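To start, the structure under review is shown below, and the notes come after it.
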Amino acid sequence: MSFSTELMTGAVLGGTPILYAALGESISERAGVINLGTEGSMLVGALAGYAITAESGNPWVGLAGAALGGALLSSVHGFFVLWRKTNQLATGLVVLFLALGLTSLFGVNYVQSTINSFQTIDVPLLSKIPVIGEVLFQQTAPVYVSYALVPLLWLFLFRSRPGLYVRAAGERAQVLTSYGRPVRLVQMLAVIGGGALAGIGGGVLSTAYTNAWFENMVQGRGFVAVAVAVFAARSPFKVMAGAYLFGGAFALSPLLQVRGVGINQFALDALPYVLVIVVLTVIGRRGTSPAPEGLQAVFEGGASE
Amino acid sequence: MRQRRHARVGVVATLTAAVMAVLATAIPVTSAGAATETCGKGADTVGFIFVGPKNDYGYNQAAYDGAMALKKKFPKLKVLTAENVPENDDATRVMESMVSKGAKIIFATSYGHLDPALKVAAKHPDVCVVQQGNFIKGNVPDNAGTYFGTVYEPVYLAGIAAGKATKSNKLGYVYALPIPQTIANINAFALGAQSVNPDAKVYTVATSAWCDPSKQADAANSLISQGVDVITQHQDCTSTITKIANDKGVGVVGYHADASALAPKTWITGSQWEWAPLYGDIVKTILAGKFTGSEYNDNYRVGYKTGSNPFVQSPYGKSVTADTKALIADKLKEISTTGSPFAGPVKTQSGGTMFPAGDIPDYAAIEAANTQFVQGVVGDLPKS
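Written as structure tokens, this is what we have:
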């Protein structure tokens, strides 16, 4: 496999967990709620996905459990932020630490388990296409599901009535209220749906990518997902591109190392994070502010409303 | 070992430590007794602290298993254990609490537990405190010591099996950080492979983390797509790489624990901890009142040459031939007596001399020399 093909394959493989979580965070933020607990939802999803796959023998059941786990954790965030009016950023971090503790505690028994994980499936015909086939169509089933999820979410957000409610909740909550729609409920459902997707992202990490559970195994990819959602303006197709960009940044280091390229390992480690700063700088310079109106208060120090 | 601090710091650890700290302060600490002739004589209780969970499939589990084996060997001995003990003053409090419960022997099993262990030793001359893997600089107190094995010796033997198994002559090594112990392992693995297969090359990937399964997966996939057909690692958590290699039909050489069950198709061999004999001998020495002045009242390093190395070979997989096993048995005999994994000539990656022809370096010389890769290792160490 050529260097570029391998890099792109690695980008899709490593980018998919980030993609799921960033799509989830996009829905939540569209509704006006930032969830820094995304990392926590991924952790819960990684453990739930792994543990339930180990118990049931079926990774699809595991992935469903991952979605449920991520949703449950994000509902804690949603409850405090929406009903108790706590600060969104601080609450998200607290929820993350809660998840870290709980998953370390309950995950201990699954460190040594083995699972029947998702295997690579070559899509007939499509996988034979040079380069594109290797990169996109020699992956695991959850990767293929994500290809369908991206346009579906776009349709949901921009072409469906519930999607309109979600966006209205984030942009102009008063409008939604005057239509007689319960703003908080819409926001809560968006947060829970976002958490479910982050949970699936974590589940993909443990059941389709690493085939393992270890405490704190998400290692910051949930925060990367939040960054992707922000700089991709919470738009599903842009989020997909952003997630693959970071998947590629993570995959680059070992690719260079096995070829004996003499670059300091610590410099390579910093690459994904340098990339965040560069991308945010470039977007910031354009002067556009794509954040929903409802989120601006969060950044300016006010409580969410 | 220093690495555990990074891998295991979690909320659970903090909570455990907090609970321990509360317990420790709640129980009055017994005052240090008058200086006794020697520590721990006739002790009825021993305490163990671990930096990680007791079932991590790796370093901490091995130490825990060693502690449990003491119960069998000394039925009257009470064994106290504490998991997830951080490498800071919390460790001091946990050990103090054990002392107040009657422990006269303390095993502090992580690299960073040394300073807290020395504090406890200074306060309680009647308690023997031994530490696993670190090094006491300067004067060694009468009631303290460190101990460790020579990990690169079984790794060298595993390298022989890998050198015999490879068809592409490309071996893969996933490691975390370029610390001397890891560099020695990679070099020993390469030298072992080259001793039976001069064309064997070891391709290295650093993950900068002791347990980041995603990075491990990326590393394993990159190595395999370069044609590597035998893979090994120096990581805290080892199952990701083991399972990926097995799924892709790539040979596996293990580290820390016998993971052959995870790679039924491609397991070759590996290295793993077996602390029970050494723990047993240390405790026996202490109970007899002979600790002070013994080899354990020092920085004790044991290898195949000097005693029973606590780092041993893992069982062989089914693909390993009888010839290879016999060859490794011969090499084991050789490095246990007159030889060394680093017997000269050993050349550095850049072509310089690490050990000249005919040189049989001792353990100290090997520890000092392993700051760079040997010839045949592909990879770059960060310049400091």
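So the protein lines, in turn, are chains U and H. FYI, the numbering for the first sequence is 26 to 330, going by our numbering. FYI, the numbering for the second sequence is 176 to 559, going by our numbering. Glycine included, every Cβ here is placed at the ideal spot set by N, Cα and C. All of these numbers come straight from a predicted model, not from anything done at the bench.
Beta-carbon spacing of Ala333(H), Ser446(H) below 7 Å
As a working mapping, residue 333(H) is identified with position 158 in the second sequence. As a working mapping, residue 446(H) is identified with position 271 in the second sequence. Contact flag set, yes.
For Glu258(H) versus Pro228(H), is the C-beta spacing smaller than 7 Å?
Here residue 258(H) corresponds to residue number 83 of the second sequence, with the count starting at 1. Here residue 228(H) corresponds to residue number 53 of the second sequence, with the count starting at 1. With respect to Pro228(H), Glu258(H) sits close: the two C-beta atoms are nearer than 7 Å.
Separation of Pro261(H) from Asn241(U), as counted between CA atoms
For the purposes of this step, residue 241(U) is identified with residue 216 of the first sequence, where counting begins at 1. For the purposes of this step, residue 261(H) is identified with residue 86 of the second sequence, where counting begins at 1. So the alpha carbons of these two residues sit roughly 16 Å apart.
Among the residues of its own chain, which have a CB less than 6 Å from the CB of Lys169(H), if the five just before and after it don't count?
The question about residue 169(H) has no answer, for chain H in this structure spans 176 to 559.
Own chain partners of Met270(H) with C-beta closer than 6 Å, once the 5 adjacent residues on each side are dropped
Taking the first residue of the second sequence as 1, we reach residue 270(H) at position 95. Setting aside the 5 residues that flank it on each side, Met270(H) is surrounded in the same chain by Ile281, Val295, each with a C-beta closer than 6 Å to its C-beta; the list follows chain order.
Whole-Å CB distance - Gly272(U) paired with Gly62(U), under 8 Å assumed:
As a working mapping, residue 272(U) is identified with position 247 in the first sequence. As a working mapping, residue 62(U) is identified with position 37 in the first sequence. With 8 Å as the limit, Gly272(U) and Gly62(U) do not qualify as a contact, their Cβ atoms being about 22 Å apart.
Relative to the C-alpha of Val106(U), which residue among Ile302(U), Pro42(U), Glu54(U) is closest?
Along the first sequence, one-based indexing puts residue 106(U) at 81. Among Ile302(U), Pro42(U), Glu54(U), the Cα nearest to that of Val106(U) is on Glu54(U).
Could you check what DSSP says for Ile146(U) in three-state terms: helix, strand or coil?
Residue mapping note: residue 146(U) aligns to position 121 of the first sequence, counting from 1. Ile146(U) falls in the strand class under three-state DSSP.
Bounding residues of the beta strand (DSSP E) (the contiguous stretch that carries Asn139(H)):
The structure shown has nothing for residue 139(H), since chain H only spans 176 to 559.
Using a C-beta cutoff of 7 Å, does Gln550(H) count as contacting chain U?
Taking the first residue of the second sequence as 1, we reach residue 550(H) at position 375. Not one chain U Cβ lies under 7 Å of Gln550(H).
In terms of DSSP beta bridges, what is His409(H) paired with?
Numbered from its first residue, the second sequence carries residue 409(H) at position 234. Note: His409(H) sits in a beta bridge opposite Tyr350(H).
Please report whether the beta-carbon of Thr202(U) lies at a distance below 7 Å from any beta-carbon of chain H.
Looking up residue 202(U) in the first sequence gives position 177. Under the Cβ distance rule, Thr202(U) does not count among the residues neighbouring chain H, no pair being separated by less than 7 Å.
Three or more C-beta pairs closer than 8 Å, one from the segment 490-499 of chain H and one from the segment 240-258 of chain H: is that the case here?
No, the segment 490-499 of chain H is not in contact with the segment 240-258 of chain H.
Whose CA, out of Val553(H), Thr546(H), Leu556(H), lies closest to the CA of Gln356(H)?
As a first step, residue 356(H) must be located in the second sequence, where it is residue number 181. In terms of CA proximity to Gln356(H), Thr546(H) leads the group Val553(H), Thr546(H), Leu556(H).
Using a beta-carbon distance below 7 Å, is Ala539(H) in contact with chain A?
This model lacks chain A altogether, as its protein chains are U and H.
Is there a Cβ of chain U sitting closer than 7 Å to that of Thr256(H), yes or no?
Within the second sequence, numbered from 1, the residue matching residue 256(H) stands at position 81. For Thr256(H), the answer is no, since every Cβ of chain U falls outside 7 Å of its Cβ.
With a CB to CB cut of under 7 Å and the five nearest residues on each side skipped, what residues in its chain are close to Pro160(U)?
By 1-based counting over the first sequence, the position of residue 160(U) is 135. What sits at residue 160(U) in the sequence shown is Val, not Pro. Exclusion of the five residues before and after Val160(U) leaves Thr30, Met33, Thr34, Val37 as the residues of its chain whose Cβ lies within less than 7 Å of its Cβ.
My output table needs one value for Ile280(H): the three-state DSSP class, helix, strand or coil.
Working through the second sequence from its first residue, we reach residue 280(H) at position 105. When DSSP states are grouped into helix, strand and coil, Ile280(H) belongs to the strand group.
Per-residue DSSP class, three states only, for Thr444(H):
The residue labelled residue 444(H) in the question sits at position 269 within the second sequence. DSSP places Thr444(H) in strand when its eight states are reduced to three.
Looking at the strands, I want to know which residues DSSP matches up with Lys376(H).
Start at 1 with the first residue of the second sequence, and residue 376(H) comes out as number 201. Beta-bridge pairing by DSSP links Lys376(H) to Lys345(H).
Chain-order list of residues whose beta-carbon lies under 7 Å from that of Gly158(U) (same chain, five-residue window excluded)
For the purposes of this step, residue 158(U) is taken as the residue at position 133 of the first sequence. Correct list, in chain order: Leu151, Ser152.
Output the distance between the C-alpha atoms of Asn472(H) and Asn318(H), rounded to the nearest integer angstrom.
The sequence position of residue 472(H) within the second sequence is 297, counting from 1. The sequence position of residue 318(H) within the second sequence is 143, counting from 1. Separation of Asn472(H) and Asn318(H) (C-alpha to C-alpha, rounded to the nearest whole angstrom) is 7 Å.
Ignore the nearest five residues each way along the sequence and tell me which others in Thr202(U)'s own chain have a CB closer than 7 Å to its CB.
Locating residue 202(U) in the first sequence gives position 177, where the first residue counts as 1. In its chain, beyond the 5 residues on either side, Val208 have a beta carbon closer than 7 Å to the beta carbon of Thr202(U).
Under 7 Å, CB to CB, which of the residues in the segment 268-283 of chain U have a partner in chain H?
From the segment 268-283 of chain U, only Phe275, Ala276, Pro279, Leu280, Gln282, Val283 have a Cβ closer than 7 Å to chain H.
What's the gap between the Cα of Val254(H) and the Cα of Gly347(H)?
If you number the second sequence from 1, residue 254(H) lands on position 79. If you number the second sequence from 1, residue 347(H) lands on position 172. Using only the alpha carbons, I get a separation of about 40 Å.
Could you give the first and the last residue of the continuous alpha helix (DSSP H) run that contains Gly272(U)?
For the purposes of this step, residue 272(U) is identified with residue 247 of the first sequence, where counting begins at 1. Note, Gly272(U): alpha helix (DSSP H), 261-283.
Using CA coordinates, which residue listed in Thr379(H), Leu502(H), His299(H) is at the minimum distance from Val283(U)?
Here residue 283(U) refers to the residue found at position 258 when the first sequence is read from its first residue. Nearest C-alpha to Val283(U): Thr379(H).
Could you check what DSSP says for Val428(H) in three-state terms: helix, strand or coil?
The residue given as residue 428(H) occupies position 253 in the second sequence. Val428(H) falls in the strand class under three-state DSSP.
Less than 7 Å between the C-beta atoms of Gly319(U) and Gly195(U), yes or no?
On the first sequence, position 294 is the one that residue 319(U) refers to. On the first sequence, position 170 is the one that residue 195(U) refers to. Yes, Cβ-Cβ distance for Gly319(U) and Gly195(U) is below 7 Å.
Can you tell which of Ala395(H), Pro388(H), Ser414(H) has its C-alpha closest to the C-alpha of Gln244(U)?
Taking the first sequence and counting its residues from 1, the one referred to as residue 244(U) is at position 219. For Gln244(U), the nearest C-alpha among the options comes from Pro388(H).
Which listed residue (Ala297(H), His409(H), Ala365(H)) has its alpha carbon closest to that of Val349(H):
In the second sequence, the residue the question calls residue 349(H) occupies position 174. Of Ala297(H), His409(H), Ala365(H), the smallest CA-CA separation from Val349(H) is found for His409(H).
Check the Cβ-Cβ distances between Tyr234(U) and every residue of chain H, and say whether any is below 7 Å.
Sequence index remark: in the first sequence, residue 234(U) carries index 209 (1-based). Yes, its Cβ sits closer than 7 Å to a Cβ of chain H.
Let me make sure I understand the geometry here. Which of Gly57(U), Ile140(U), Leu44(U) has the alpha-carbon closest to that of Ser12(U)?
Since the first and last residues shown for chain U are 26 and 330, residue 12(U) lies out of range.
In this structure, does DSSP put Phe530(H) in helix, strand or coil?
Against the second sequence, residue 530(H) aligns to sequence position 355. Strand, per DSSP.
Going by CA-CA distance only, name the one from Ala276(U), Gln290(U), Leu222(U) that's closest to Ser99(U).
As a first step, residue 99(U) is located in the first sequence; it is residue number 74 there, counting from the start. When C-alpha distances from Ser99(U) are compared across Ala276(U), Gln290(U), Leu222(U), the shortest belongs to Leu222(U).
Pair within 7 Å by beta-carbon distance, Ile335(H) and Ile503(H):
Locating residue 335(H) in the second sequence gives position 160, where the first residue counts as 1. Locating residue 503(H) in the second sequence gives position 328, where the first residue counts as 1. Yes, Cβ-Cβ distance for Ile335(H) and Ile503(H) is below 7 Å.
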